[in-house]
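Chains as they are written, first to last, in my numbering: chain A, 40 to 150; chain B, 33 to 148. Each residue gets a CB set at the ideal place from its N, CA and C atoms; glycine is no exception.
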């Protein structure tokens, strides 16, 4: 199916564990993004990527790592999860200067 | 630096009445403005955008938005609200004149409640 998918949709993990959230898009969009959504903060950019092997930090990148070896995939890794990383994470994609298309989100709880 | 403000956390409107969700922005250059909608447990969906041209922009589901440069506003409107319009609405802005990757800044969202 065409679109943007995220997995898992729900994840519970413990403090200190490494967690990877997956994102896959079928449009071959150049740009991909990771956001977190928290009450009162709206959407905050974690990382973005302009193309395969090109990534850059957003406003809240501490504690997160990304990679983009293929255009269609953009995994986000929490190296050592903390309770403050409990959030809903959204992946998005777009072409330059166009609107973004969002995935369904991953609800992550860190205990 | 660019920013966007949605001054109302929640807007209540009766079904059939016109609705307005407010957004103001700040950019140093020319703005590229968006509205997105988020239904419960879903990702954001694109509604409409403004780059240049006619100040009244029409989008999905009967929504429209009016760009006002002097007031730096981009309010979302619909002539007749439906209960199914109840959702969280986000305004977003990008500075067209900034160099490199032009980051999009999202507002904190406005919850629209349409009352039957």
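**Request:** From the DSSP output, read off the bridge partner residues of residue 100 of chain B.
**Result:** In the second chain, residue 100 of chain B corresponds to position 68, counting from 1. According to DSSP, residue pairing for residue 100 of chain B in a beta bridge involves B:105.
**Supposed contact pair residue 111 of chain A and residue 63 of chain A - C-beta distance, whole angstroms, cut 8 Å** = Numbered from its first residue, the first chain carries residue 63 of chain A at position 24. Numbered from its first residue, the first chain carries residue 111 of chain A at position 72. Contact between residue 63 of chain A and residue 111 of chain A is confirmed by a C-beta separation of about 6 Å, below the 8 Å threshold.
**Prompt:** Nearest to residue 78 of chain B by CA position, among B:85, B:84, B:70, is which residue?
**Reply:** On the second chain, position 46 is the one that residue 78 of chain B refers to. Out of B:85, B:84, B:70, B:70 has the C-alpha closest to the C-alpha of residue 78 of chain B.
**Prompt:** Which one of B:73, B:105, B:63 has the shortest CA to CA distance from residue 37 of chain B?
**Reply:** Within the second chain, the letter at position 5 stands for residue 37 of chain B. It is B:105.
**Item:** Touch test, the segment 51 to 70 of chain B against the segment 89 to 106 of chain B, Cβ-Cβ under 8 Å, three pairs minimum
**Value:** Verdict: yes, contact present.
**Request:** Could you tell me whether any Cβ in chain A is nearer than 8 Å to the Cβ of residue 135 of chain B?
**Result:** Translated into positions along the second chain, residue 135 of chain B becomes position 103. True, the Cβ-Cβ gap to chain A drops below 8 Å.
**Request:** Return the chain-ordered list of same chain residues with a C-beta closer than 6 Å to the C-beta of residue 105 of chain A, the five sequence neighbours on each side being excluded.
**Result:** Here residue 105 of chain A refers to the residue found at position 66 when the first chain is read from its first residue. 86, 94, 115.
**Item:** Proximity below 8 Å, CB of residue 99 of chain B to CB of residue 122 of chain B
**Value:** The count along the second chain starts at 1 and reaches residue 99 of chain B at position 67. The count along the second chain starts at 1 and reaches residue 122 of chain B at position 90. The answer is no: Cβ separation not under 8 Å.
**Asked** DSSP three-state call for residue 38 of chain B: helix, strand or coil?
**Response** Working through the second chain from its first residue, we reach residue 38 of chain B at position 6. DSSP places residue 38 of chain B in coil when its eight states are reduced to three.
**Message:** Quick check on residue 63 of chain B: buried or exposed, where buried means 16 or more other Cβ atoms within 10 Å of its Cβ?
**Reply:** Here the question's residue 63 of chain B lines up with position 31 in the second chain. That one is buried.
**Request:** Anything in chain B within Cβ reach of residue 63 of chain A, meaning under 9 Å, just list it in chain order.
**Result:** Sequence index remark: in the first chain, residue 63 of chain A carries index 24 (1-based). By Cβ distance, chain B contributes nothing, its closest Cβ being about 14 Å from residue 63 of chain A, past 9 Å.
**Cross-strand partners of residue 19 of chain A (DSSP beta bridge)** = Shown here, chain A extends from 40 to 150; a query on residue 19 of chain A therefore has no answer.
**Residue range of the unbroken beta strand (DSSP E) whose run includes residue 95 of chain B** = For the purposes of this step, residue 95 of chain B is taken as residue 63 along the second chain, with counting starting at 1. Under the DSSP assignment, residue 95 of chain B falls outside any beta strand (DSSP E); it carries neither an H nor an E label.
**Request:** Would you mind reading off the limits of the beta strand (DSSP E) that contains residue 83 of chain A?
**Result:** Counting from one through the first chain, the residue named residue 83 of chain A turns up at place 44. Counting along the chain, the beta strand (DSSP E) containing residue 83 of chain A begins and ends at 81 to 90.
**Asked** Would residue 142 of chain A count as contacting chain B if we go by Cβ distances under 8 Å?
**Response** As a first step, residue 142 of chain A must be located in the first chain, where it is residue number 103. By this cut-off, residue 142 of chain A is an interface position.
**Request:** Would you check if the distance between the CB atom of residue 76 of chain A and the CB atom of residue 108 of chain A is smaller than 8 Å?
**Result:** The residue labelled residue 76 of chain A in the question sits at position 37 within the first chain. The residue labelled residue 108 of chain A in the question sits at position 69 within the first chain. Annotated as distal: residue 76 of chain A and residue 108 of chain A, with beta-carbon spacing of 8 Å or more.
**Prompt:** Hey, how far is the Cα of residue 44 of chain A from the Cα of residue 142 of chain A?
**Reply:** By one-based count along the first chain, residue 44 of chain A stands at place 5. By one-based count along the first chain, residue 142 of chain A stands at place 103. When the Cα atoms are used, residue 44 of chain A and residue 142 of chain A turn out to be separated by approximately 5 Å.
**Message:** Taking 8 Å as the threshold (beta carbon to beta carbon), is residue 138 of chain A in contact with chain B?
**Reply:** Within the first chain, the letter at position 99 stands for residue 138 of chain A. Flagged as an interface residue toward chain B: residue 138 of chain A, by a C-beta distance shorter than 8 Å.
**Message:** Can you tell me whether residue 139 of chain A is buried or exposed? The criterion is at least 16 other CB atoms within 10 Å of its CB, across all chains shown.
**Reply:** Here residue 139 of chain A refers to the residue found at position 100 when the first chain is read from its first residue. Residue burial annotation: residue 139 of chain A is buried, with at least 16 other C-beta atoms found within 10 angstroms of its C-beta.
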